[in-house]
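Sequences listed follow chains Y and H, in order.
Take the first sequence: its letter number 35 is residue 35 in this note's numbering, and every next letter is one higher.
Remember, this note's numbering sits 183 above the position in the second sequence when you count from 1.
Glycine is no exception: its CB is placed at the ideal position from the N, C-alpha and C atoms.
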Amino acid sequence: MKELSLNVLDLAQNSLSAGARHITIEICESEEKDSLHIRIVDDGAGMDPDFLKRVTDPFVTTRTTRPVGMGIPLIKMAAEMADGQFSIQSRKGEGTELNASFRLSHVDRMPIGDIAGTVTTLIQGAPEVDFIYIRRTDSGSFEFDTGQIRGLMEGISLREPEVLGWIREYIAQGEAGVMAQEV
Amino acid sequence: MKTIEDLQKIREEMQSKISLRKDDGDSIRVVVGMATCGIAAGARPVLEALVDEVGRRQLKNVIVTQTGCIGVCRLEPIVEVFEKDKEKVTYVKMDPEMARTLVSEHLVNGRVVQAWTIGASE
Ligand SMILES: Nc1ncnc2c1ncn2[C@@H]1O[C@H](COP(=O)(O)OP(=O)(O)OP(=O)(O)O)[C@@H](O)[C@H]1O
Ligand SMILES: [Mg+2]
Numbered sequence: 001m002k003e004l005s006l007n008v009l010d011l012a013q014n015s016l017s018a019g020a021r022h023i024t025i026e027i028c029e030s031e032e033k034d035s036l037h038i039r040i041v042d043d044g045a046g047m048d049p050d051f052l053k054r055v056t057d058p059f060v061t062t063r064t065t066r067p068v069g070m071g072i073p074l075i076k077m078a079a080e081m082a083d084g085q086f087s088i089q090s091r092k093g094e095g096t097e098l099n100a101s102f103r104l105s106h107v108d109r110m111p112i113g114d115i116a117g118t119v120t121t122l123i124q125g126a127p128e129v130d131f132i133y134i135r136r137t138d139s140g141s142f143e144f145d146t147g148q149i150r151g152l153m154e155g156i157s158l159r160e161p162e163v164l165g166w167i168r169e170y171i172a173q174g175e176a177g178v179m180a181q182e183v
Numbered sequence: 184m185k186t187i188e189d190l191q192k193i194r195e196e197m198q199s200k201i202s203l204r205k206d207d208g209d210s211i212r213v214v215v216g217m218a219t220c221g222i223a224a225g226a227r228p229v230l231e232a233l234v235d236e237v238g239r240r241q242l243k244n245v246i247v248t249q250t251g252c253i254g255v256c257r258l259e260p261i262v263e264v265f266e267k268d269k270e271k272v273t274y275v276k277m278d279p280e281m282a283r284t285l286v287s288e289h290l291v292n293g294r295v296v297q298a299w300t301i302g303a304s305e
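In structure tokens, the structure reads:
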């Protein structure tokens with residue numbers, strides 16, 4: 001993947017496939033601590049301990065169109081390449097939490113990229129699911145919650161292109177507000 | 184600056200229009216493959232271009248959706264078009280500009296862009 005926002009999109013698609021109704025995506029970056037941390041939490045079907053142990057292995061998948069699963073191995077590799085770590089916790093019937101950390105200044109750390117595009121794409125694909133996106137930096141934090149937006153829309157779907165266009169710009173601008181400089 | 188008030192304005196405008204997007208059997212469905220292989224090959228900007236172009240042209244009979252792996256990773260990004268009483272059309276190796284042309288040619292003018300279909304590429 002060329003940017004971490006694409007890994008996030010891919011991993012949140014796993015959450016959707018697992019039937020999640022609430023998905024939280026949190027990105028924390030700190031220049032002071034020289035760290036970047038991505039966390040994805042869902043309340044989907046979860047995985048049992050045996051499956052979970054094997055899931056970072058690129059041959060584990062429950063998909064049927066192709067015998068290998070790549071999503072989790074890819075983010076694990078991206079984190080480890082940048083002096084970071086990857087972990088995944090899951091409980092059958094409760095949900096899954098994924099954590100990937102990176103050394104912010106590491107030359108092999110992939111750029112975060114277009115997170116607004118990722119969140120908008122997720123909402124377009126599953127407008128009925130609650131997505132919470134949190135971005136933290138040394139200078140502050142920005143939070144976006146589709147549950148709140150849906151409440152304002154009085155039954156008009158978040159999938160409407162005009163609404164998606166607004167969401168995309170709103171997130172991009174919220175992010176710009178907490179960014180000290182370009183990452 | 185985008186504000187919550189802007190969103191409320193969008194909502195009011197949409198509420199005042201008589202017909203919202205309706206999903207009846209006559210709609211055209213445009214489906215983008217969004218599994219790992221699709222995403223890595225550039226499916227996200229293709230999806231965004233489709234949504235934007237359909238919105239800009241106010242095509243109320245078109246529904247853009249996403250699916251998992253379509254199964255031919257090396258031909259991603261893949262876009263499938265489903266129309267009532269017609270055969271499915273599968274576009275392969277798409278990019279955002281092609282996606283916009285697909286909307287004007289295929290969805291508006293009803294002309295399949297043969298050169299980009301899976302049949303032409305195989
Ligand atoms: N959030 C999740 N909740 C429940 N199960 C999950 C979750 N994430 C992954 N899994 C399980 O782990 C498997 C491997 O995931 P991974 O993303 O690595 O590959 P994949 O989704 O199967 O295929 P690919 O991502 O390559 O298209 C999935 O098939 C699914 O069964
Ligand atoms: Mg996956």
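Using a beta-carbon distance below 8 Å, is residue i in contact with chain Y?
i, result
"H:Asp268", "no"
"H:Leu285", "no"
"H:Thr219", "yes"
"H:Arg257", "no"
"H:Asp189", "yes"
"H:Asp278", "no"
"H:Thr212", "Checking the sequence, you will find Arg at residue 212 of chain H rather than Thr. It does not; no Cβ of chain Y falls within 8 Å."
Taking just the CA atoms, how far does residue j sit from residue i?
i, j, result
"Y:Ile134", "H:Ser287", "37 Å"
"H:Leu285", "H:Leu233", "8 Å"
"H:Glu236", "H:Val215", "15 Å"
"H:Trp299", "Y:Pro49", "45 Å"
"H:Lys276", "Y:Ile112", "25 Å"
"H:Leu290", "Y:Met77", "41 Å"
"Y:Asp43", "Y:Gln124", "19 Å"
"H:Arg296", "H:Ala303", "Sequence check: residue 296 of chain H is Val here, not Arg. Those two C-alpha atoms are separated by around 10 Å."
"H:Ala210", "Y:Gly155", "Note on residue identity: the sequence assigns Ser, not Ala, to residue 210 of chain H. So the two alpha carbons sit approximately 21 Å from each other."
"Y:Ile25", "Y:Thr56", "20 Å"
"H:Cys256", "H:Glu188", "43 Å"
"Y:Ala172", "Y:Glu143", "12 Å"
"Y:Arg39", "Y:Leu6", "14 Å"
"Y:Val183", "Y:Thr146", "Note on Y:Val183: pLDDT 48, under 50, position unreliable in the model; no value is reported."
"H:Arg194", "Y:Met153", "6 Å"
"Y:Arg136", "Y:Ala100", "15 Å"
Does ligand 4 have even one heavy atom less than 7 Å from the beta-carbon of residue i?
i, result
"Y:Ser15", "No copy of ligand 4 occurs in the structure displayed; its ligands are ligand 1 and ligand 2 alone."
Let's see if you can read the secondary structure: which residues bound the alpha helix (DSSP H) around residue i?
i, result
"H:Val214", "Segment 211–216 is the beta strand (DSSP E) holding H:Val214; no alpha helix (DSSP H) there."
Run the proximity test for residue i: is its beta-carbon closer than 7 Å to any non-hydrogen atom belonging to ligand 2?
i, result
"Y:Asp42", "no"
"H:Thr219", "yes"
"Y:Gly151", "no"
"Y:Gly46", "no"
"Y:Gly71", "yes"
Could one say the Cβ of residue i lies closer than 8 Å to chain H's Cβ atoms, at least one of them?
i, result
"Y:Leu6", "yes"
"Y:Leu9", "yes"
"Y:Ser139", "no"
"Y:Glu175", "no"
Considering just the uninterrupted stretch of the beta strand (DSSP E) at residue i, what are its terminal residues?
i, result
"Y:Ala126", "Where Y:Ala126 is concerned, there is no enclosing beta strand (DSSP E), given that its DSSP letter is neither H nor E."
"Y:Ile27", "22–30"
Quick one: does the C-beta of residue i sit closer than 7 Å to a heavy atom of ligand 1?
i, result
"H:Pro260", "no"
"H:Cys252", "yes"
"Y:Asp10", "yes"
"Y:Thr121", "no"
"Y:Ala207", "No information on residue 207 of chain Y is available, as it lies outside the stretch 1 to 183 that chain Y covers here."
Could you please tell me which residues of the region 230–251 of chain H, in chain order, have their CB closer than 8 Å to any CB of chain Y?
-> Within the region 230–251 of chain H, the residues whose Cβ lies closer than 8 Å to some Cβ of chain Y are Leu230, Glu231, Val234, Asp235, Val237, Gly238, Arg239, Val247, Thr248, Gln249, Gly251, listed in chain order.
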